[in-house]
């Protein structure tokens, strides 16, 4: 779960660090007229910023815990998360390795050959499809609460459906 | 390498429909993927899903394959009668057993534990 050091460094070097240090972090809640950007004043360096947003993305940690781990005040955590999410998205959109693309042409044959190598009877299968229901907080807004409630699973979720191929890396548990 | 040693197998994501309300059915969430199966996938190729997954509308019939549910009876249609020799002492076709095995190896899992108590703390909008 999470990203490895290599991926972390790749995201960092592909523009995250550069954007982190050069773009102003919005503070509209503090000064609606637009506080003066202070690119040199950061409570976290770029590594810290990426660490913060990845921590938030890949766990169910509460903001309070993030404030303690990263030694930040509540508004700073909120602003940094928002800012880091924005520049992370910008970086990932430019990264070829991060692209989600449907196979084309010959790729269907290549992908299905991986499946039939292990399961010879599964002919022409180029990937898998599965739904993923992530539990979410019960909103105090009744409409949101109702929209996220799944009667079948008796809980509140955010739903996704993901299609994936089997061309990937295997990791071994030691 | 013995398959048992493989603990995590990572594929590459080829399509995703994310952040839909939890009350939505998978068939609604997956509309974009059905579309790709219909218009961008050559005939004869298919995706595999678990037996609970909705297989979409008629135009993509056969492009989402699911294993039979446990205890489900095979429809004895002409095709199956013709291929009855493939039956192997159980209610599953060998291809189907392969399918079930395959799917169970590649299921998406909820990546993080959610303590039940924290779900009911009223949301602070930050």
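Residue numbers (the working numbering), protein chains in the order written: chain S, 1 to 174; chain W, 1001 to 1126.
Glycine included, each C-beta is placed from N, C-alpha and C at the ideal position.
Treat the numbers as computed from the prediction; the structure is a model and nothing was measured.
Span separating the alpha-carbon of residue i from that of residue j
| i | j | result |
| --- | --- | --- |
| residue 145/S | residue 21/S | 38 Å |
| residue 157/S | residue 1026/W | 12 Å |
| residue 4/S | residue 1058/W | 42 Å |
| residue 1007/W | residue 1055/W | Low local confidence applies: a pLDDT of 47 at residue 1007/W is under 50, so the model's placement there is unreliable, with the coordinate-based value given in what follows. Looking at the two C-alpha atoms, the distance is approximately 29 Å. |
| residue 223/S | residue 51/S | Outside the shown range of chain S, which is 1 to 174, sits residue 223/S, and nothing can be said about it. |
| residue 9/S | residue 16/S | 10 Å |
| residue 102/S | residue 61/S | 33 Å |
| residue 83/S | residue 74/S | 14 Å |
| residue 143/S | residue 1021/W | 11 Å |
| residue 1105/W | residue 160/S | 19 Å |
| residue 14/S | residue 70/S | 23 Å |
| residue 65/S | residue 57/S | 14 Å |
| residue 1015/W | residue 165/S | 10 Å |
| residue 26/S | residue 116/S | 51 Å |
| residue 1038/W | residue 136/S | 32 Å |
| residue 153/S | residue 1023/W | 10 Å |
| residue 53/S | residue 97/S | 20 Å |
| residue 12/S | residue 1017/W | 27 Å |
| residue 130/S | residue 41/S | 44 Å |
| residue 134/S | residue 141/S | 19 Å |
| residue 162/S | residue 1028/W | 13 Å |
| residue 126/S | residue 55/S | 32 Å |
| residue 1098/W | residue 120/S | 9 Å |
| residue 1042/W | residue 138/S | 42 Å |
| residue 1063/W | residue 1048/W | 8 Å |
| residue 89/S | residue 7/S | 15 Å |
CB contact check: residue i to chain W, cutoff 8 Å
| i | result |
| --- | --- |
| residue 3/S | no |
| residue 76/S | no |
| residue 156/S | yes |
| residue 18/S | no |
| residue 163/S | yes |
| residue 56/S | no |
| residue 159/S | yes |
| residue 7/S | no |
| residue 166/S | yes |
| residue 101/S | yes |
Supposed contact pair residue j and residue i - C-beta distance, whole angstroms, cut 8 Å
| i | j | result |
| --- | --- | --- |
| residue 1067/W | residue 1100/W | 4 Å |
| residue 1046/W | residue 124/S | 6 Å |
| residue 1060/W | residue 1034/W | 6 Å |
| residue 122/S | residue 1102/W | 6 Å |
Cβ of residue i within 8 Å of any chain S Cβ
| i | result |
| --- | --- |
| residue 1098/W | yes |
| residue 1057/W | no |
| residue 1064/W | yes |
| residue 1038/W | no |
| residue 1061/W | no |
| residue 1046/W | yes |
| residue 1067/W | no |
| residue 1089/W | Only weak support exists for where residue 1089/W lies, its pLDDT of 41 falling under 50; the value from the coordinates is given anyway. No, residue 1089/W does not count as interfacial toward chain S. |
N-terminal and C-terminal residue of the beta strand (DSSP E) that residue i is part of
| i | result |
| --- | --- |
| residue 1047/W | 1046–1048 |
| residue 1018/W | 1013–1021 |
| residue 162/S | 155–164 |
For residue i, the first and last residue of its enclosing alpha helix (DSSP H)
| i | result |
| --- | --- |
| residue 128/S | Counting along the chain, residue 128/S falls outside any alpha helix (DSSP H), though it belongs to the beta strand (DSSP E) covering 125–135. |
| residue 56/S | 46–57 |
| residue 143/S | 142–148 |
| residue 108/S | 107–118 |
| residue 167/S | Here residue 167/S belongs to no alpha helix (DSSP H), and DSSP marks it neither H nor E. |
| residue 74/S | 74–94 |
| residue 1035/W | 1031–1039 |
| residue 19/S | 17–22 |
| residue 63/S | 63–70 |
| residue 8/S | 5–11 |
- Taking a Cβ distance cut-off of 7 Å, strictly less, list which residues of the region 1009–1035 of chain W are near chain S, in chain order. 1009, 1010, 1011, 1012, 1013, 1014, 1015, 1016, 1017, 1018, 1019, 1020, 1021, 1022, 1023, 1024, 1026, 1029, 1030, 1033
- Return the residues of the region 128–150 of chain S that lie within a Cβ-Cβ distance of less than 9 Å from chain W, sorted by chain order. 128, 129, 130, 131, 132, 133, 134, 135, 136, 137, 138, 139, 140, 141, 144, 146, 147, 148, 149, 150
- Item | Residues from the region 106–128 of chain S in contact with chain W, defined by Cβ distance under 9 Å | 108, 109, 111, 112, 115, 118, 119, 120, 121, 122, 123, 124, 125, 126, 127, 128
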